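Chemist: There's a structure below that I have some questions on.
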Amino acid sequence: MGTISEADLNTCLKTLESCGKGAADGDRAEESRMLDVLKQLQKRAVTADLLKRTNAGKRLNKFCKHSCESVSQAAKAAVEAWKQCVKQEQQQADSGDLEASEVAAQRGAPASTSQMVSRAPPAKPSVAPSGSGAGFRPAQPSPQPPQRQASSSFTVDPPRCGNDTRDKVRIMLAEALAVGFNGGGGPSDGDAGAFGTSSLQSPNLLAASIEEALYELLGGGGSSVSGEYKAKARSLCFNLKDAKNPDLRERVLSGSIPPETLVRMSAEEMASDEQKRKNRELKDFLAKEATRGVNNTATTDMFQCGRCKQRKCTYYQMQTRSADEPMTTFVTCINCGQRWKFC
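Here is the structure:
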């Protein structure tokens, strides 16, 4: 289930808003359009940031009380699916924060938001030379954050830059790049088909290079980073560790996509072939929905609006009952927007 883009989400919501009144008045065609769009929204993932930017939650919630029962139920199902997406996103973030905080408390190191935290082995005591009379003394604790175990054969430990936020991003990028990486110049069995036998770069060093390129592009300067930097970092990590998109990891690790190019790629460009196909299908669906019925309307003065008493109307006819029954005529007042139908 891929994440829907902001443009597609806005298009879906506008379609719902334009069809809402017609469906409430009994227009079966408008109701069908709304149900198709709501089913598409149920299938696509969203993020809390996307919902906040588009105000999509409030815009979709009003359809939960729609007078058409089928539309109301479909809207509630879409809202529930969105809640699960946001809940899962929050759980992943909370899990990473909690785990990193526990390790930081035990070892006195900065907390990290990444998951799969493993304790580094305890430092061995340094023994004084023979005859010094000093016995032994414990080694000084390392100031570096704890290493992370991305797999049974690769330890995530990218070079640090000294900035907590940027270091966390480097760790998350290294973990994403290390999915299927066996540390020996190639992938593990899980990605062998996609990676082949080519020589790959180290996820640790590559993660630092990607973060450096990202900071130069969107960092904002100083000790703090911009919101665009954080959003792009999340997008990069999500796409790089996507189990259904091993080709992207292969191209990045093999050097086919350099860091400077990767940080400028859009989510659509990074998506897997399967996700690109789904995106094309959704765009085609929305394009058809936007033009459905446009050429079937006609302008007439045969009908008088009961609200404003004007005769400037458009209408179209549709077979809503059995074939031997008269067609239903749907009329819209151009002046005030009032809609009605009759047989």
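With the UniProt record's numbering applied, the sequence shown corresponds to residues 1 to 343, in that order.
Note that the Cβ used here is the ideal one computed from N, Cα and C, for glycine as well.
Being a predicted model, the structure only gives us computed values, none of them experimental.
For C333, which option in R311, D247, T11 has the closest C-alpha, if you only look at C-alpha atoms?
Modeler: Nearest C-alpha to C333: R311.
Chemist: From the DSSP output, in three-state form, read off R264 for me.
Modeler: Residue state, collapsed to three classes: coil.
Chemist: Considering only heavy atoms of the ligand SAH, does any lie closer than 6 Å to the CB of D324?
Modeler: Absent from the structure shown: the ligand SAH. Ligands present: none.
Chemist: Taking the DSSP output, what are the residues bridged to Y315?
Modeler: DSSP, once it has assigned bridges, lists A298, V331 as partnering Y315.
Chemist: Could you tell me the distance, in whole angstroms, from the CA atom of P122 to the CA atom of A93?
Modeler: Because the pLDDT at P122 is just 46, under 50, the model does not fix this residue reliably, and the point stays unresolved.
Chemist: Examine the Cβ distances between the region 169 to 180 and the region 237 to 248 and report whether three or more of them are shorter than 8 Å.
Modeler: Contact between the region 169 to 180 and the region 237 to 248 is present, because at least three Cβ pairs lie under 8 Å.
Chemist: Once the 5 residues before and after A74 are set aside, which same chain residues still bring their CB inside 6 Å of it?
Modeler: Excluding residues within five positions, the ones whose Cβ falls inside 6 Å are L35, L38.
Chemist: Where do the ends of the beta strand (DSSP E) carrying T155 lie?
Modeler: From DSSP, the beta strand (DSSP E) with T155 extends over 154 to 156.
Chemist: Around the C-beta of Q275, are 16 or more other C-beta atoms found within 10 angstroms, so that it is buried, or is it exposed?
Modeler: The residue is buried, with at least 16 neighbouring Cβ atoms inside 10 Å.
Chemist: Cutting at 6 Å between CB atoms, please list the residues of its own chain near R277, excluding the five before and the five after it.
Modeler: Here the set comprises nothing.
Chemist: Bridge partners for F342 per DSSP, in chain order?
Modeler: F342 pairs with T329.
Chemist: Which word fits F63, buried or exposed, when buried means at least 16 other C-beta atoms lie within 10 angstroms of its C-beta?
Modeler: When all chains shown are included, F63 counts as buried.
Chemist: State the DSSP-derived secondary structure class of L54, mapped to helix, strand or coil.
Modeler: According to the sequence as given, residue 54 is Thr; it is not Leu. Reduced to three states, the DSSP call for T54 is helix.
Chemist: Does the distance from the C-beta atom of A208 to that of P158 stay below 7 Å?
Modeler: Going by C-beta atoms, A208 is nearer than 7 Å to P158.
Chemist: To which residues does DSSP link T3 through a beta bridge?
Modeler: Partner(s): A45.
Chemist: Helix, strand or coil for R307? Go by DSSP, reduced to three states.
Modeler: R307: coil per DSSP, three-state reduction.
Chemist: Leaving aside the five residues before and after L282 along the sequence, list all residues of the same chain whose C-beta is less than 7 Å from its C-beta, in chain order.
Modeler: These residues qualify, in order along the chain: D8, Q40.
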